[in-house]
């Protein structure tokens, strides 16, 4: 049960954004700036960083929300996200992404834990300064978002079928007010 009175029909961060639209707007802007560009890192790679950090922070809602968005960008193939979470070292992603996710893992624990060696390894595998910058900033932002969601005990659906429809809406339209003002999409029921 949420720690504050929110619209319990809106799950996760959506209920908190509806509760505080004045903070929701800049948070949505930040999410769009960090996640809705293919400059350097692709949108799928950016969302994968957000998913991995949310997994490390044990934020079920954000992990599965952003994992579902990665899946949208990968033509509904959710296996990659599962492989990264289960075993980063053997996941079928580039050495550059593995290095960046290791940087994210260190930054998630504490900014000073990111090492020169990790940065050099990322650069040797093709990461630019912008890629490294954005990785650390996405990590920091998702530590905030994860703590916001879990620190206020927002309603978190455990049914994994809940996440893909909203993810498609975000993949198509980005982050913003539609996240908390539009109802949760439902799957079309076809008559036989």
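Residue numbers (the numbering used here): 12 to 203. Just so it is clear, CB atoms sit at the ideal spot from N, CA and C, and this is done for glycine as well. Being a predicted model, the structure only gives us computed values, none of them experimental.
Leaving out five residues before and five after residue i in sequence, what residues of the same chain have Cβ atoms less than 7 Å from its Cβ?
| i | result |
| --- | --- |
| residue 164 | 12, 13 and 14 |
| residue 81 | 55, 58, 59, 62 and 92 |
| residue 174 | 75, 76 and 79 |
| residue 167 | 22, 23, 71 and 72 |
| residue 65 | 73, 74, 77, 153 and 157 |
Leaving out the 5 sequence neighbours to the left and right, which residues in its chain are closer than 8 Å to residue i when beta-carbon positions are compared?
| i | result |
| --- | --- |
| residue 139 | 51 |
Work out the CA separation of residue j and residue i for me, nearest whole Å.
| i | j | result |
| --- | --- | --- |
| residue 24 | residue 71 | 12 Å |
| residue 155 | residue 117 | 15 Å |
| residue 83 | residue 123 | 33 Å |
| residue 29 | residue 135 | 44 Å |
| residue 73 | residue 126 | 26 Å |
| residue 151 | residue 141 | 15 Å |
| residue 90 | residue 153 | 22 Å |
| residue 36 | residue 88 | 31 Å |
| residue 100 | residue 16 | 42 Å |
Report all residues from its chain with a CB closer than 6 Å to the CB of residue i; omit the five preceding and five following residues, and keep chain order.
| i | result |
| --- | --- |
| residue 31 | none |
| residue 107 | 136, 137 and 138 |
Which whole-angstrom value describes the C-beta separation of residue i and residue j, a residue pair presumed to lie in contact below a C-beta threshold of 8 Å?
| i | j | result |
| --- | --- | --- |
| residue 114 | residue 129 | 5 Å |
| residue 111 | residue 146 | 5 Å |
| residue 49 | residue 157 | Not a contact, Cβ separation roughly 24 Å. |
| residue 43 | residue 186 | 5 Å |
| residue 41 | residue 159 | Not a contact, Cβ separation roughly 12 Å. |
Mind pulling the beta strand (DSSP E) runs of 3 or more residues that sit fully within the stretch 39–72?
If we require 3 residues or more, the stretch 39–72 turns out to have no beta strand (DSSP E) run fully inside it.
At what residue ranges does the stretch 78–118 contain a whole run of the alpha helix (DSSP H), taking only runs of 4 or more?
Residue ranges of uninterrupted alpha helix (DSSP H) with 4 or more members, entirely inside the stretch 78–118 and ordered along the chain, are 90–97.
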